[in-house]
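Have a look at the structure below before the remarks.
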Amino acid sequence: MTNKYYEFFCPVKVIAGKAALEHIPYELTGMAAKRPMIVTDKGVRAAGLLDPVISACEESGLEIVSIYDDVPPDSSTGVVRDIAGIYRAEKCDSIIAVGGGSAIDTAKAVNILVSEGGDDIAAYSGAGVLKHPLKPFFVVPTTAGTGSEVTAVAVIADTEKHVKLPFTSSFLLPNAAIIDPRMTLTLPPHITAATGMDAMTHAIEAFTCMAKNPLSDAYATAAIKKISTSLLSVMENPKDADGRLELAQASTMAGIAFSNSMVGLVHALGHATGAICQLPHGLCMSLYLPYVLEYNIESIREPLGELLLYLDGPDVYAATPAARRAEASISTIRRMRDALYKHCQLPRTLKETGKVVEAQLDQIAELALDDGAIMFNPKEVTREDAREVLRRAWA
Amino acid sequence: MLAKRIQPMAFQARRLYVELMFQVMGRALQAVSEVDETVQQEAIALPEGFLFEMMVMPNGSNLIVEHTGNGRFHYHGSTAPRPVDLSIQFKHIAHAFMVLSFQEKTSVAFANDRMLVDGDISYAIRMTRVLNRLEAFILPKLIAKRAVKEYPANLHLPEKLISAARIYLKVATNFVETVRA
Ligand SMILES: [Fe+2]
Chain A
1 MTNKYYEFFC PVKVIAGKAA LEHIPYELTG MAAKRPMIVT DKGVRAAGLL DPVISACEES
61 GLEIVSIYDD VPPDSSTGVV RDIAGIYRAE KCDSIIAVGG GSAIDTAKAV NILVSEGGDD
121 IAAYSGAGVL KHPLKPFFVV PTTAGTGSEV TAVAVIADTE KHVKLPFTSS FLLPNAAIID
181 PRMTLTLPPH ITAATGMDAM THAIEAFTCM AKNPLSDAYA TAAIKKISTS LLSVMENPKD
241 ADGRLELAQA STMAGIAFSN SMVGLVHALG HATGAICQLP HGLCMSLYLP YVLEYNIESI
301 REPLGELLLY LDGPDVYAAT PAARRAEASI STIRRMRDAL YKHCQLPRTL KETGKVVEAQ
361 LDQIAELALD DGAIMFNPKE VTREDAREVL RRAWA
Chain B
1001 MLAKRIQPMA FQARRLYVEL MFQVMGRALQ AVSEVDETVQ QEAIALPEGF LFEMMVMPNG
1061 SNLIVEHTGN GRFHYHGSTA PRPVDLSIQF KHIAHAFMVL SFQEKTSVAF ANDRMLVDGD
1121 ISYAIRMTRV LNRLEAFILP KLIAKRAVKE YPANLHLPEK LISAARIYLK VATNFVETVR
1181 A
């Protein structure tokens, strides 16, 4: 018998498809919630994405009691405290997060404060601190990438102490994720591309890193197939609602996969690069993905080769000899990146970003070695290894 | 305590083995940090006075070491002078045994949800790298390959220290045999 053991957990109800938003009132009522608060950002509001959410609720006689639309891209403890204050003053009883990673993380943290009490969110930082379920919480993602709607984690910056506070608890998971194609229909091309590649990276790392397991594998492969089929066609035709829904579902599926089996070196390098060079997360994922797969290749030959079926379809898979499938998977990913570069100049190398200087590579390597994701990379990454991958990704 | 009396001997042997192995690792951590540059380089990023604990849940055996500065560790036995900064906790003695008898790699144990981290995750990763390095020192190459993701190419330690650590290991191996018997 092998030592193989795994855990898989995802209690989030997924409400997906046409007119999904209209299910929110029913779901809220089912949890005896009558006074929801919306947590979102200015961009979402400006894009008119709140309107269908609000009218879906009002048509059912459910009043949105309060809207906080000022979540910054990197949320902080102060923002969380302010929103919790408004929630209490307005006597809200539930939270709807509408937005991307930052709005969702902020809403998760607000939910801790308004459920557990107090003003100091730092007191709840860490793993397993929460012992009770929180207030009814719903998430409406507006990007198809982060998968935050199905992860049990939130990260909030403590701006006074200059640290990032991590929160992990299965109680942070929303009661439901509402995936409606209307919410991603107007996503600009470069964000569609970057967030799509973030979801792709979640699925590929979930499938090739150390904590992979049969259940997360099923979600990961299905997500990869959807992204490979739909990302480029949505880039061609942004108003394709079916394609948008495919990408949004793929993002949630990839989120379920990686929240149960973790990510690896692509994310470790990406987090470090994001922090040092202020580059968007999805862009970093797309950039590093092939270089890291090449670095890991001898440890992941079998699973990576298997992915060719989902990346490029059964014909190519069948026509490629088993011994060359891993390399073929990487080539397919490279072709996809080239196509995205043509569409919206999504950078393929650090040099192409125009925001990284070569002298920063050592600093990035150093920070990446401290990132939690590196623990689950199938190969033990040394300082020199990380530097080498970065040198290859440079140009 | 009926349950305790009917426990097979193997359970007690396992407990003793884990306890002993924590002592071995604690001492070895201190010793290795005095001579090995790679370990010092990792440790030097930890705050001075940083307390690291490895323990078996809910309150079983444990080991505590302190970073006393300059990349050096000091072994405190099983009692901490103040609340610890980072704790790596095995969910069950059975999981601790698998890792400490080198049947499951530390990184695999993390991936398999065998243990939890309480504290800063970046420090936990640093300590995992230190533990990998340590295991490579203590164990004969063949077993170490099983215990760490990759066997380091540059191991230089005074023969004396290695043999001292291996003496501990010999005692430990006897326990494995007892348990397996
Ligand atoms: Fe990501």
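Here the protein sequences line up with chains A and B, keeping their order.
For the first sequence, the working numbering assigns the number 395 to the last residue and increments by one with no breaks.
For the second sequence, the working numbering assigns the number 1181 to the last residue and increments by one with no breaks.
Just so it is clear, CB atoms sit at the ideal spot from N, CA and C, and this is done for glycine as well.
Please read all numbers here as calculations on a predicted model, not as lab measurements.
I64/A and P1083/B have their C-alpha atoms some 45 Å from each other.
The shortest CA-to-CA distance from A1124/B to any of Q1030/B, Q1023/B, T1106/B and T1079/B is the one to T1106/B. Note that the segment 238-252 of chain A does not touch the segment 318-334 of chain A; fewer than 3 beta-carbon pairs, one per stretch, sit closer than 8 Å.
Between A368/A and chain B, the shortest Cβ-Cβ separation is not below 7 Å.
K212/A is classed as buried because its beta carbon has at least 16 other beta carbons within 10 Å across all chains shown.
Distances from the CB of D371/A to the heavy atoms of ligand 1 are all 6 Å or more.
For K351/A, there is no enclosing beta strand (DSSP E); the enclosing alpha helix (DSSP H) has its first and last residue at L350 to T353. Within chain A, the residues A127 and G128 have their CB atoms less than 8 Å from the CB of L1116/B, given in chain order. Inside the segment 22-97 of chain A, DSSP marks whole beta strand (DSSP E) runs of 3 or more residues at positions 36-39 and 66-68, from first to last along the chain.
For R1114/B, there is no enclosing alpha helix (DSSP H), as DSSP gives it neither H nor E.
Per the C-alpha coordinates, the member of A144/A, L173/A, G147/A and K42/A positioned closest to P11/A is L173/A. With fewer than 16 neighbouring CB atoms inside 10 Å of its own CB, N237/A falls in the exposed class.
When DSSP states are grouped into helix, strand and coil, Q1089/B belongs to the strand group. Fewer than three beta-carbon pairs drawn from the segment 360-374 of chain A and the segment 337-349 of chain A are found closer than 8 Å, and the two stretches are therefore not classed as touching. Scanning S60/A, K18/A, E27/A and M183/A for the CA closest to the CA of A47/A turns up M183/A.
Ligand 1 never approaches D105/A closely enough for any of its heavy atoms to be under 6 Å from the residue's Cβ. Cβ-Cβ distances below 6 Å link Y295/A to V389 in the same chain, with the five nearest sequence neighbours on each side left out; the list follows chain order. Closer than 6 Å to some heavy atom of ligand 1: that does not describe the Cβ of D74/A. Where I256/A is concerned, the enclosing alpha helix (DSSP H) starts and stops at A241 to S261.
Put simply, the CB of F376/A is near chain B, with a gap under 7 Å to one of its CB atoms. In the DSSP secondary-structure assignment, M1054/B is bridged to L1063/B and I1088/B.
Judged by DSSP in its simplified three-state form, T382/A adopts coil rather than helix or strand. The C-beta distance from D180/A to A33/A rounds to 19 Å, too long to fall under 8 Å, and the pair is not in contact. Between Y68/A and V39/A, the CB-CB gap stays under 7 Å.
Distance between P73/A and E90/A, taken at the CA atoms: about 25 Å. The C-alpha of L185/A is placed about 43 Å away from the C-alpha of R1126/B.
Taking 6 Å as the cut-off, one finds at least one heavy atom of ligand 1 near enough to the beta carbon of D198/A. In the DSSP assignment, V114/A forms no beta bridge with any residue. Assigned with DSSP and collapsed to three states, K13/A falls in strand. Assignment of H267/A by DSSP, reduced to helix, strand and coil, places it in the helix class. When secondary structure is reduced to three states using DSSP, A154/A falls in the strand class.
The alpha-carbon separation between I224/A and R35/A amounts to approximately 38 Å. Our two residues, L1086/B and E22/A, have alpha carbons roughly 46 Å apart in a direct line. Per DSSP, reduced to three states, the secondary structure at Y310/A is helical. Exclusion of the five residues before and after T142/A leaves V44, L49, V98, G99, G100, M183 and T184 as the residues of its chain whose Cβ lies within less than 7 Å of its Cβ.
For I1093/B, the nearest beta carbon of chain A is not closer than 7 Å to its own beta carbon.
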